[in-house]
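Letter 80 of the sequence shown, counting from 1, is numbered 73 in our numbering, and no numbers are missing.
Don't be surprised by glycine CBs; every beta carbon is placed ideally from N, CA and C.
Here's the structure we're looking at; comments come further down.
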Amino acid sequence: MTEPTQEQLTEQAEADVARFKEVLPTSREIGTTGELAALAAALPADTPLFVEEHVRAAQALHPDPVEVVVAHIAGAMVRIDPDRPDSPSRMLPGLGLATVRVDRTQDAGTEFDRGDMEPLDLLARAELRLVTDGNIEGGITDVADVITILAKLLDEGAGFVDSDHDAHATLQVEMSRLRHAAERLRKVAPIAQQASE
């Protein structure tokens, strides 16, 4: 069996995406299992399914937020011959399900399609900003915020340790180090962003 050319793979991917978009032309809110079942039934049975791990939201905070599930297209790379590790891959559209936080009056699908939603989880957002988006300043600031939270947890945990014990003093020292590390990261974040441009 001859392997398809890159041009053939691209044409097939475009055709697959076009068929997927006949069922789900834009991202949309899914509010019930019935809506999800109807959407899934309209797609090919071998459509990959992706459930996002973290809640996403736009940067601006909304006065009356709700969290809803949004169905969207998600790309998957699959091997043409899954039994051969050296087999070429092709893009296959998959069904993505994301939880998003929007204002009650907003259309969640439209907001998701704008592309400016980021994970609310600080570590996930730091990873997205640092590894994918090149937002060095934002990612480093998120890391500093995580470190600050860890320092606060250590401080609260130290409250359960006898203040005369060496472990209590050690926890206090490490908490202080974490806070200083977070401060240093916040100071270097804009400088690192400039150095990356």
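For residue i, three-class secondary structure by DSSP
{"i": "T103", "result": "helix"}
{"i": "G27", "result": "helix"}
{"i": "P86", "result": "strand"}
{"i": "R12", "result": "helix"}
{"i": "L2", "result": "helix"}
{"i": "E7", "result": "helix"}
{"i": "L36", "result": "coil"}
{"i": "P58", "result": "strand"}
Sequence-distant residues of its chain with Cβ nearer than 7 Å to residue i (five each side left out)
{"i": "V136", "result": "A119, L178"}
{"i": "E167", "result": "L147"}
{"i": "D114", "result": "H47"}
Where residue i falls, given that 16 or more other Cβ within 10 Å makes a residue buried
{"i": "H173", "result": "exposed"}
{"i": "H158", "result": "exposed"}
{"i": "F153", "result": "exposed"}
{"i": "V(-2)", "result": "The sequence given here places Thr at residue -2; Val does not occur at that position. With fewer than 16 Cβ atoms within 10 Å of its Cβ, T(-2) is classed as exposed."}
{"i": "P112", "result": "buried"}
{"i": "G132", "result": "buried"}
{"i": "R49", "result": "buried"}
{"i": "E7", "result": "exposed"}
{"i": "T134", "result": "buried"}
Same chain, Cβ closer than 8 Å to residue i, five either side skipped, listed in chain order
{"i": "I66", "result": "V10, F13, K14, L17, S20, P86, G87, L88, G89"}
{"i": "G127", "result": "S189"}
{"i": "D74", "result": "S80"}
beta-carbon residue i near the ligand ATP non-hydrogen atom, thresh 7 Å
{"i": "G108", "result": "This structure simply doesn't include the ligand ATP, nor any ligand for that matter."}
Cutoff 6 Å; reference residue i; Cβ partners in own chain excluding five residues on either side
{"i": "P183", "result": "E130"}
{"i": "A117", "result": "H47"}
{"i": "T141", "result": "A175"}
{"i": "V59", "result": "R97"}
{"i": "L171", "result": "I140, L143, A144"}
One or two residues paired with residue i in a DSSP bridge
{"i": "R49", "result": "V93, P112"}
{"i": "L42", "result": "L88"}
{"i": "E22", "result": "V63"}
{"i": "R72", "result": "S82"}
message = Give the list of continuous alpha helix (DSSP H) stretches no shorter than 4 residues that lie fully inside the segment 102 to 181.
response = Fully enclosed alpha helix (DSSP H) runs of 4 or longer: 115 to 120, 129 to 151.
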